[in-house]
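J.: Numbering (the working numbering), first residue to last: 298 to 608. Input: one structure, supplied below.
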Amino acid sequence: MRFIDSHTEGEPTRVLFMEENGSRTLDDVLRVWNDGLNAAAPLAALRALVANPRAPEACVGALLCRPNSTDADFGVFFFNASAALGMCGHGTIGVAHSLHQLGGMAEGVIRLETRAGIVEVRREQDNEYSFENIPSRLVHRDIVCTLHGNDVRGDIAYGGNEFFVVEEPRAMRSIAEELAYTRSIRDALTAMHRTGLHGPIDHIALFLQPSRADAQERSFVLCPNDTFDRSPCGTGSSARLAVLAARGRLQPSEVLVIESAIGSRFKTSYRIDDEEKIRARIQGRAWITADGTMQRTEDPAHADGWREHTA
């Protein structure tokens with residue numbers, strides 16, 4: 298199976314090209330994922346493509362297919378080793394850069410249909426891209442969960458995935474500490490039966506003090522596969538913009554630079570569309586890291602991959 302690997306501001310994307318994708322729509326791929334019954338691409342095989350030993354834990358897969366809508370150029374199904382994703386911001390930039398390398402962005406603009414809706418991506422310069430996300434919104438504000446006797450206050454917001462957004466005026470601690478903290482928050486929300494706009498809250502996003510002078514905030518985002526986003530997280534940034542806009546703390550077109558856990562950054566802003574919805578704009582860079590063919594010929598015990606935190 299043909300693949301192109303890239304990373305967007307540090308977070309990896311694996312674009313997958315299946316031979317049968319020319320005749321498959323996004324709905325077809327979703328059916329394969331949901332029931333795992335298709336012999337050509339069963340559920341375990343799809344997950345294995347973005348799991349160890351073939352990929353790092355943070356890898357997000359982007360399976361290209363035909364769009365359902367005639368308004369889109371490609372359909373793309375985002376997923377990691379744990380779950381399907383509604384949208385993926387860093388992955389959107391990674392897909393665009395991979396297609397550009399193949400000559401698929403001749404006009405410098407491409408429209409991708411995701412599970413969450415259609416996003417338009419523009420090549421700004423060299424390896425830098427921007428996209429306008431699907432509508433984002435603040436769902437529930439000022440939700441409090443208690444960890445070891447201490448209250449943690451945050452907002453439930455949607456940016457293409459379901460987020461619990463927490464703002465804390467402090468520097469980022471170690472990766473291990475923030476992972477433990479965000480996992481505890483997620484577990485507390487689950488125990489409270491708190492959900493997002495369309496389902497379970499699968500991402501926890503902390504917004505902290507930046508470490509670099511050219512950023513206003515720093516994000517630490519826990520992803521569904523229990524690892525952290527190396528980029529500032531496109532859908533998490535979109536959820537953050539929705540919170541700030543709803544609270545009157547950020548105006549349309551005002552730029553907010555968000556630093557990631559590893560020090561990379563996204564330039565973000567938003568507009569209000571004709572339906573009075575918040576449309577985030579995310580800008581970042583991607584780099585190609587590999588171009589090759591996937592094989593499934595090793596020890597059968599590892600054929601379907603494994604995950605670091607459960608191994």
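Yeah, the Cβ is synthetic: ideal placement off N, Cα and C, and Gly gets one too. Model, not experiment: these values are computed from the prediction.
Check glutamate 404 in the structure and name its three-state DSSP category.
T.: Glutamate 404 falls in the coil class under three-state DSSP.
J.: Going straight from the alpha carbon of glycine 386 to that of histidine 445, what length do you get?
T.: Straight-line Cα distance between these residues: approximately 33 angstroms.
J.: When the Cα of arginine 344 is compared with those of Arg483, Leu361, Ala381, Ser366, which residue comes out closest?
T.: Taking only the C-alpha atoms, the option nearest arginine 344 is Ala381.
J.: So for serine 534, helix, strand or coil by DSSP?
T.: It is helical.
J.: Go to isoleucine 579, then tell me how far its beta strand (DSSP E) extends in each direction, as first and last residue.
T.: Run containing isoleucine 579: 575 to 590, per the beta strand (DSSP E) assignment.
J.: Give the DSSP bridge partners of glycine 372, in chain order.
T.: Per DSSP, Cys362, Glu410.
J.: Within the continuous beta strand (DSSP E) that includes histidine 500, where are the two ends?
T.: Looking at the DSSP string, the run of the beta strand (DSSP E) that includes histidine 500 is 500 to 505.
J.: Kindly indicate which three-state DSSP category glutamate 417 falls into: helix, strand or coil?
T.: In this structure, glutamate 417 counts as strand in the three-state DSSP scheme.
J.: Anyone know if the C-beta pair for valine 463 and leucine 503 falls short of 8 angstroms?
T.: Yes. Within cutoff.
J.: Only counting runs of 4 or more residues, tell me where the alpha helix (DSSP H) segments fall wholly within the stretch 450 to 528, in order along the chain.
T.: DSSP runs (the alpha helix (DSSP H)) wholly in the stretch 450 to 528: 472 to 488.
J.: Please state the DSSP three-state secondary structure of glutamine 548.
T.: Residue state, collapsed to three classes: coil.
J.: Step through the CB atoms of chain D and report whether any lies within less than 8 angstroms of the CB of glutamine 506.
T.: Absent from the structure: chain D. Only one protein chain is present.
J.: Helix or strand or just coil, what does DSSP make of arginine 311?
T.: Arginine 311: strand per DSSP, three-state reduction.
J.: Taking its Cβ as the centre, do 16 or more other Cβ atoms sit within 10 Å of arginine 450, making it buried, or is it exposed?
T.: That one is exposed.
J.: State buried or exposed for valine 312, treating a residue as buried only when at least 16 other CB atoms are found within 10 Å of its CB.
T.: It counts as buried.
J.: Which term fits isoleucine 498, buried or exposed, when burial requires 16 or more other beta carbons within 10 angstroms of its beta carbon?
T.: Classification of isoleucine 498: buried, given that the 10 Å Cβ count is 16 or more.
J.: From glutamate 425 to histidine 437, what distance separates their C-alpha atoms?
T.: The straight-line gap from Cα to Cα measures roughly 33 angstroms.
J.: If you compare alpha carbons, which of Ser481, Ser534, Arg363, Met591 is closest to serine 566?
T.: Looking at the Cα atoms, Ser534 is the closest of the given residues.
J.: Indicate the three-state DSSP secondary structure (helix, strand or coil) for serine 303 in the structure shown.
T.: Of the three classes helix, strand and coil, the one that applies to serine 303 here is strand, per DSSP.
J.: Compare the Cα-Cα distances from alanine 587 to each of Arg351, Val329, Thr322, Ser433 and report the closest residue.
T.: That would be Arg351, whose Cα lies nearest to the Cα of alanine 587.
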